[in-house]
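S.K.:
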């Protein structure tokens with residue numbers, strides 16, 4: 064079966080393949096013909112007007128790979144129109160960022176050379192594929208059960224029913240080589256090439272790496288103070304007050320400054336003032352056919368009351384149950400801890416002193432396993448809640464995961480600090496938890512996928528050699544390799560890891576000043592391993608326009624509020640401070656509470672007073688708005704005048 | 064001197080006068096001629112294209128009134144164009160609120176009968192007058208010192224230099240009669256006619272009255288619980304815990320629900336989704352001529368660093384000094400209080416028991432006087448800080464006034480409650496402060512202005528009769544009367560009063576349950592006196608589009624957070640609760656603090672979870688946005704197609 068022009072490496076020059084579509088290998092021929100026609104059809108007929116071709120393998124044997132693999136490309140003209148559709152912001156001749164319009168194309172900087180990056184082209188193609196809508200078809204040809212209705216996204220329907228297995232953007236080998244060299248291959252003392260990362264992977268990922276870098280640098284002062292603290296005051300448990308005060312200030316300033324950095328980055332990338340497009344329903348969203356109250360179109364509707372029922376009657380009890388389980392495990396850990404201490408006290412030698420650390424290590428591993436299992440359960444549950452929009456799905460998922468991870472990781476530390484009030488155990492427990500989880504994370508996140516990927520690569524190479532002999536077929540080989548790669552599931556897990564590290568540092572690091580040092584070291588390797596996994600372990604992800612780190616800003620801010628409370632309480636518990644109030648605990652507590660309230664109030668005032676967007680960017684944004692208002696006025700005036708002159712004639 | 068057509072009562076039919084302009088009586092003739100020409104000139108020549116005429120008095124004597132009074136009106140066509148300029152939202156045929164455009168005028172509901180209310184017309188005329196800009200004039204003709212530059216608002220310049228004394232909208236006697244009847248003249252058990260108020264006075268004022276009504280109704284349950292509490296537990300100081308818990312919940316729910324009510328009102332009035340227009344500099348703003356970085360136009364620029372210096376080196380120390388003074392006065396009050404108690408204890412009879420209340424009453428009067436004096440000082444200082452925008456001026460003024468008023472009114476109560484821990488004195492002090500300030504407020508706010516106004520009216524009537532004999536000249540008389548009326552300075556003082564009442568009720572009412580009853584009674588009379596003063600004491604104000612109560616929402620929310628802290632502390636201090644922890648204060652304090660933290664967290668989560676805008680209005684807003692996006696797409700598609708067909712020919 065051959066549909067239209069085929070792209071083998073001999074005629075790849077017909078267009079640059081940007082996106083790969085993989086359909087199930089038993090897809091019916093009529094469905095394929097229909098889909099390709101719809102993709103190729105002109106826009107005024109409701110098509111996507113893109114270029115698409117099947118990948119054909121020269122030799123065919125029994126172990127042949129899936130034949131239904133297609134590559135998609137586009138003409139420049141179509142891409143420019145698409146750039147306007149998706150509301151892309153590009154640099155204007157005067158240096159400001161403006162929404163691209165085809166009519167003004169010549170006024171944009173560098174319009175004639177490499178105007179759209181690969182990532183942008185791929186994002187535009189994804190948008191056009193996603194918004195390819197059914198017309199009057201009642202179902203997908205050849206699949207009477209794959210119902211369609213006017214306006215339904217064809218790609219989402221095929222995806223939700225498993226006919227479309229995946230679609231992903233292709234790597235650009237040249238660019239990738241250049242990027243990975245400047246990013247992590249040369250040993251250097253320079254910052255990450257954020258603009259290049261954004262150019263290749265899009266704004267969402269570049270913001271994550273920007274945040275990672277910022278967070279690491281922000282920790283350096285704390286680490287620098289921590290080392291002498293650790294070296295000279297290690298056995299002097301009383302002297303952590305100063306460090307707690309430093310923590311307090313640091314965790315507040317840190318987030319306020321990041322907001323401004325993030326705004327500066329997002330402005331430079333043109334996502335700060337970009338308007339959110341109308342959000343499509345998720346691929347997995349289902350419901351009875353009804354009318355969308357906003358668009359007035361027919362589409363599946365799922366009553367919000369049913370979803371609320373599922374959330375409050377199933378999800379919330381499940382989360383509570385998991386929290387209970389986590390507490391139970393914590394209690395088991397404490398039992399183990401006491402058992403180990405007892406053995407050590409009975410017979411103090413090297414073997415038993417090592418045994419002291421065993422319960423903490425086991426507990427740390429169990430915590431990681433529970434987090435992982437819960438993560439899957441949360442994803443399943445949130446999917447089952449049937450949210451209409453991806454953003455709402457994400458918010459509910461993040462909330463579920465955050466609450467559990469927070470309790471699971473920090474409950475034991477809170478218990479040790481405030482119920483047992485045992486600062487020695489707190490220090491030991493914190494150190495073990497932190498180090499174990501860092502090691503586990505690096506293994507799970509980078510080395511394991513890398514090892515799996517290498518095995519897979521070898522297999523694919525072998526198969527390719529068998530299939531094609533010694534012919535040089537770079538495109539076919541690349542598509543085969545990348546189809547088998549793991550899919551990068553977004554920045555969720557990466558942010559989550561940073562969130563927990565931030566928690567360890569801001570909540571309790573005053574009793575274990577080395578925590579900041581450990582986190583800095585972890586994050587330096589994290590940059591390299593994350594960079595490596597993005598470039599070589601995972602499929603290239605579609606670029607995701609982002610104007611800030613979204614819900615994570617809120618999560619980090621909540622953590623920093625909790626950090627104020629915790630640090631104040633730790634200060635109140637310190638023998639150093641207690642010495643000032645020898646006779647009355649009451650007075651000490653009242654003073655600590657009063658100071659805490661003042662600090663919290665100050666934090667809120669600070670967040671309110673410091674503008675989230677730096678002044679010069681505010682001016683630029685205001686200027687843009689003013690210009691567009693003026694242009695609108697002029698156009699309206701012109702229209703009116705024309706209407707007036709028509710009236711007179 | 065007579066410029067153009069004169070409007071006396073004989074030819075008033077030439078146009079409906081809507082706005083009155085009063086120039087200084089020694090204004091030079093050439094300046095007047097120039098101004099009137101600019102107002103009358105066509106829009107394409109940069110004029111306002113409005114109708115304007117001088118008011119002429121038939122008889123002239125020595126005691127003649129200011130001759131430079133002008134009335135302004137407009138053609139319907141001009142008003143409709145202006146409605147589009149100011150971005151007015153009106154009801155569309157399908158019941159939604161949409162931005163008015165002249166092109167679609169026929170699709171709006173009731174377009175052909177009374178489409179624009181008087182208040183809207185006057186608002187449009189104000190906008191057109193305010194945006195009447197200087198062209199190439201270097202100064203106002205006849206006033207070489209009144210410098211102008213291209214783009215400067217002519218009216219603002221004239222106003223800041225005192226040539227334009229005032230401009231204000233005229234009352235509409237028919238509408239006013241109808242409104243005041245349905246508002247406060249008939250004794251009835253119905254709500255205020257908010258839609259009519261909005262129709263006559265605009266959205267800003269209607270929202271204030273809506274808030275006043277909502278606040279009063281919200282207090283009714285508290286008042287109903289308060290009466291039996293007061294009657295049966297008056298001498299039982301221990302039993303306020305339940306009431307404090309009720310206060311806690313009430314003050315949180317109250318504000319969340321109001322946000323939704325306010326959004327509903329604002330949506331119905333078309334201000335919810337209305338975009339803010341580009342803000343003009345304040346009339347009093349001055350600085351060296353420079354370039355506005357946003358518009359690129361030449362205009363006065365005042366460096367932000369200088370303003371910061373003025374704020375931090377003068378305003379902040381001044382506010383701190385005032386706060387110190389307020390504390391000093393408080394200490395004097397406590398001395399007086401002890402002196403009175405001593406006298407009573409030495410010789411307890413009726414005279415000395417009355418004497419017990421004297422210090423509180425004196426203190427309450429002093430507080431009111433200090434608030435008033437500080438108010439003037441704050442206005443002067445904020446003006447001197449030379450803010451460029453009215454909104455920034457208002458924010459700084461509100462902040463200054465709120466901080467001082469809060470401390471001045473509540474510091475003594477906090478001191479009595481938490482330092483002296485004397486609940487009997489707290490109750491007595493609260494009652495005296497509340498009652499005295501209510502009485503003073505009603506007198507200052509309504510009766511005094513009314514009495515002054517009546518005296519002034521009589522004088523004007525006498526003068527009019529002397530001037531015109533028995534001729535019936537309703538317009539001339541009306542303008543003369545209204546020119547002399549006081550100007551309503553906005554809702555600031557009204558909101559401030561409600562803010563302080565909210566403070567009395569939410570902070571300490573658990574120890575004096577009658578507070579809510581007093582506030583309800585006060586607010587019922589407040590509705591009547593405020594309504595009366597708006598209709599008969601003050602000049603009609605220009606309508607002010609408002610989508611919410613603005614900075615006051617924040618102020619009330621801050622107060623409700625403070626209320627949580629205060630009520631928790633009062634609960635912790637109550638003997639009832641203390642009885643549960645007979646041996647250890649420490650445990651009690653820790654539990655109270657923990658509960659307080661949970662409540663505060665719960666409050667923030669609640670504010671986050673409850674949507675500020677009700678669901679059905681969200682859907683309507685999304686629908687509007689979707690429609691406008693679709694319309695834009697269609698238009699762009701059409702433009703492209705036309706461009707395409709041109710290319711082909």
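Protein chains in written order, with our numbering: chain A, 64 to 712; chain B, 64 to 712.
Yeah, the Cβ is synthetic: ideal placement off N, Cα and C, and Gly gets one too.
The structure displayed is predicted, hence computed values, not measured ones.
#1: Closer than 8 Å, Cβ to Cβ, to anything on chain A: give me those residues from the segment 638-671 of chain B, in chain order.
#2: When you check each C-beta in the segment 339-369 of chain B against every C-beta of chain A, which residues fall closer than 7 Å?
#3: What is the C-beta distance between residue 159 (chain A) and residue 695 (chain A), in whole angstroms, given that I count them as a contact (C-beta under 8 Å)?
#4: With a 10 Å radius around its C-beta and 16 neighbouring C-beta atoms as the bar for buried, classify residue 459 (chain B) as buried or exposed.
#5: Does residue 463 (chain A) get closer than 7 Å to chain B when you measure Cβ to Cβ?
#6: Would you list the one or two residues that DSSP bridges to residue 216 (chain A)?
#7: Just to confirm before moving on: does the CB-CB distance between residue 643 (chain A) and residue 247 (chain A) stay below 7 Å?
#8: Can you pull the DSSP bridge partners for residue 364 (chain A)?
#9: Below 8 Å on C-beta distance, what does residue 628 (chain B) contact in chain A?
#10: Please decide whether residue 685 (chain B) counts as near chain A, where near means a Cβ-Cβ distance under 7 Å.
#11: Near residue 603 (chain A), which residues of its chain fall below 6 Å by C-beta distance, leaving aside the five closest residues on each side in sequence?
#12: So residue 619 (chain A) and residue 318 (chain A) are supposed to be a Cβ contact under 8 Å. How far apart are they, rounded?
#13: Closer than 6 Å by C-beta to residue 574 (chain B): which residues in its own chain qualify, once you throw out the five before and the five after it? Chain order, please.
#14: Could you check whether the Cβ of residue 163 (chain A) sits closer than 7 Å to any Cβ belonging to chain B?
#15: For residue 344 (chain B), which of B:216, B:204 and B:82 has the nearest alpha-carbon?
#16: So, with DSSP's three-state summary, where would you put residue 338 (chain A)?
#17: Please report the straight-line C-alpha distance between residue 455 (chain A) and residue 442 (chain A), rounded to a whole angstrom.
#18: Just the Cα atoms here: how many angstroms apart are residue 183 (chain A) and residue 174 (chain A)?
#19: Which residues does DSSP pair with residue 132 (chain B) in a beta bridge?
#20: Among all the DSSP beta bridges, which residues are the ones paired with residue 229 (chain A)?
#21: Since residue 107 (chain B) is in the beta strand (DSSP E), which residue starts that stretch and which ends it?
#22: Counting only Cβ pairs nearer than 7 Å, list the residues of chain B close to residue 682 (chain A).
#23: Go ahead and label residue 524 (chain B) buried or exposed: buried means 16 or more other beta carbons lie within 10 angstroms of its beta carbon, across all protein chains shown.
#24: Can you tell which of A:106, A:101, A:114 and A:85 has its C-alpha closest to the C-alpha of residue 78 (chain A)?
#25: For residue 18 (chain A), which residues from the same chain have a beta carbon less than 8 Å from its beta carbon, with the 5 sequence-adjacent residues on both sides left out?
#26: Compare the C-beta of residue 467 (chain B) with all C-beta atoms of chain A and state if any pair is closer than 7 Å.
#27: Alpha carbon to alpha carbon, how far is residue 74 (chain A) from residue 146 (chain A)?
#28: Check whether the Cβ atoms of residue 322 (chain B) and residue 675 (chain B) sit closer than 7 Å, and answer yes or no.
#29: DSSP on residue 201 (chain B), reduced to helix/strand/coil?
#30: Short of 6 Å in beta carbon distance, which residues of its chain neighbour residue 156 (chain A), apart from the five on each side in sequence? Order them along the chain.
#31: Since I believe residue 254 (chain B) is in contact with residue 276 (chain B) (beta carbons under 8 Å), could you give me their beta-carbon distance rounded to a whole number of angstroms?
#32: With 16 other CB atoms within 10 Å as the buried threshold, where does residue 266 (chain A) fall?
#33: Does any C-beta atom of chain B lie closer than 7 Å to the C-beta of residue 155 (chain A)?
#34: Quick one, are the C-beta atoms of residue 689 (chain B) and residue 194 (chain A) less than 7 Å apart?
#35: Where does residue 396 (chain A) sit, in a helix, a strand or coil, going by DSSP?
#36: Taking Cβ positions, are residue 554 (chain A) and residue 271 (chain A) nearer each other than 7 Å?
M.R.: Taking the definition as stated:
#1: 648, 649, 652, 653, 656 and 660
#2: 341, 356, 357 and 358
#3: Within the first chain, residue 159 (chain A) is the residue found at index 96, counting from 1. Within the first chain, residue 695 (chain A) is the residue found at index 632, counting from 1. That pair is no contact at about 17 Å.
#4: For the purposes of this step, residue 459 (chain B) is taken as residue 396 along the second chain, with counting starting at 1. Classification of residue 459 (chain B): buried, given that the 10 Å Cβ count is 16 or more.
#5: Position 400 of the first chain, counting from 1, holds the residue named residue 463 (chain A). Output row for residue 463 (chain A): interface = no.
#6: As a working mapping, residue 216 (chain A) is identified with position 153 in the first chain. Residue 216 (chain A) is bridged to A:196.
#7: If you number the first chain from 1, residue 643 (chain A) lands on position 580. If you number the first chain from 1, residue 247 (chain A) lands on position 184. Cβ atoms of residue 643 (chain A) and residue 247 (chain A): not closer than 7 Å.
#8: Locating residue 364 (chain A) in the first chain gives position 301, counting from the first residue. Paired residue(s): A:351.
#9: Along the second chain, read from residue 1 onward, the residue named residue 628 (chain B) stands at position 565. What residue 628 (chain B) touches in chain A: 660.
#10: Taking the second chain and counting its residues from 1, the one referred to as residue 685 (chain B) is at position 622. Output row for residue 685 (chain B): interface = yes.
#11: Taking the first chain and counting its residues from 1, the one referred to as residue 603 (chain A) is at position 540. Answer for residue 603 (chain A): 232 and 234, listed in chain order.
#12: By 1-based counting over the first chain, the position of residue 619 (chain A) is 556. By 1-based counting over the first chain, the position of residue 318 (chain A) is 255. Right, the Cβ-Cβ distance comes to about 6 Å (below 8 Å), so this counts as a contact.
#13: Here residue 574 (chain B) refers to the residue found at position 511 when the second chain is read from its first residue. Closer than 6 Å at the Cβ level, and outside the excluded window around residue 574 (chain B), lie 303, 486, 489 and 490.
#14: As a working mapping, residue 163 (chain A) is identified with position 100 in the first chain. Not an interface residue.
#15: Working through the second chain from its first residue, we reach residue 344 (chain B) at position 281. For the residues B:216, B:204 and B:82, the minimum Cα distance to residue 344 (chain B) belongs to B:216.
#16: Here the question's residue 338 (chain A) lines up with position 275 in the first chain. It is coil, neither helix nor strand.
#17: Working through the first chain from its first residue, we reach residue 455 (chain A) at position 392. Working through the first chain from its first residue, we reach residue 442 (chain A) at position 379. Cα to Cα, residue 455 (chain A) sits roughly 13 Å from residue 442 (chain A).
#18: As a first step, residue 183 (chain A) must be located in the first chain, where it is residue number 120. As a first step, residue 174 (chain A) must be located in the first chain, where it is residue number 111. Taking the straight line joining both Cα atoms gives about 14 Å.
#19: As a first step, residue 132 (chain B) is located in the second chain; it is residue number 69 there, counting from the start. Paired residue(s): B:85.
#20: Taking the first residue of the first chain as 1, we reach residue 229 (chain A) at position 166. A:85.
#21: Numbered from its first residue, the second chain carries residue 107 (chain B) at position 44. Residue 107 (chain B) -> no beta strand (DSSP E), and no H or E assigned at all.
#22: Taking the first residue of the first chain as 1, we reach residue 682 (chain A) at position 619. Neighbours of residue 682 (chain A) on chain B, chain order: 356 and 357.
#23: Here residue 524 (chain B) is taken as the residue at index 461 of the second chain, counted from 1. Counting Cβ neighbours within 10 Å, residue 524 (chain B) comes out exposed, since fewer than 16 surround it.
#24: Along the first chain, one-based indexing puts residue 78 (chain A) at 15. The shortest Cα separation from residue 78 (chain A) among A:106, A:101, A:114 and A:85 belongs to A:114.
#25: The structure shown has nothing for residue 18 (chain A), since chain A only spans 64 to 712.
#26: Your numbering for residue 467 (chain B) matches position 404 in the second chain. No - not a single Cβ of chain A is within 7 Å of the one on residue 467 (chain B).
#27: Here residue 74 (chain A) refers to the residue found at position 11 when the first chain is read from its first residue. Here residue 146 (chain A) refers to the residue found at position 83 when the first chain is read from its first residue. Residue confidence for residue 74 (chain A) is low, a pLDDT of 43 falling below 50, so the modelled location carries little weight and cannot support an answer.
#28: Here residue 322 (chain B) refers to the residue found at position 259 when the second chain is read from its first residue. Here residue 675 (chain B) refers to the residue found at position 612 when the second chain is read from its first residue. Going by C-beta atoms, residue 322 (chain B) is nearer than 7 Å to residue 675 (chain B).
#29: For the purposes of this step, residue 201 (chain B) is identified with residue 138 of the second chain, where counting begins at 1. Correct three-state label for residue 201 (chain B): coil.
#30: Mapped onto the first chain, residue 156 (chain A) falls at position 93. These residues qualify, in order along the chain: 170 and 172.
#31: In the second chain, the residue the question calls residue 276 (chain B) occupies position 213. In the second chain, the residue the question calls residue 254 (chain B) occupies position 191. About 6 Å; that satisfies the 8 Å criterion.
#32: As a first step, residue 266 (chain A) is located in the first chain; it is residue number 203 there, counting from the start. So residue 266 (chain A) ends up on the buried side.
#33: The residue labelled residue 155 (chain A) in the question sits at position 92 within the first chain. It does not: the Cβ of residue 155 (chain A) has no partner Cβ on chain B nearer than 7 Å.
#34: Start at 1 with the first residue of the second chain, and residue 689 (chain B) comes out as number 626. Start at 1 with the first residue of the first chain, and residue 194 (chain A) comes out as number 131. No, these two residues do not count as a Cβ contact at 7 Å.
#35: Here residue 396 (chain A) corresponds to residue number 333 of the first chain, with the count starting at 1. Note: residue 396 (chain A) maps to helix in three-state DSSP.
#36: Position 491 of the first chain holds residue 554 (chain A). Position 208 of the first chain holds residue 271 (chain A). The answer is yes: Cβ separation under 7 Å.
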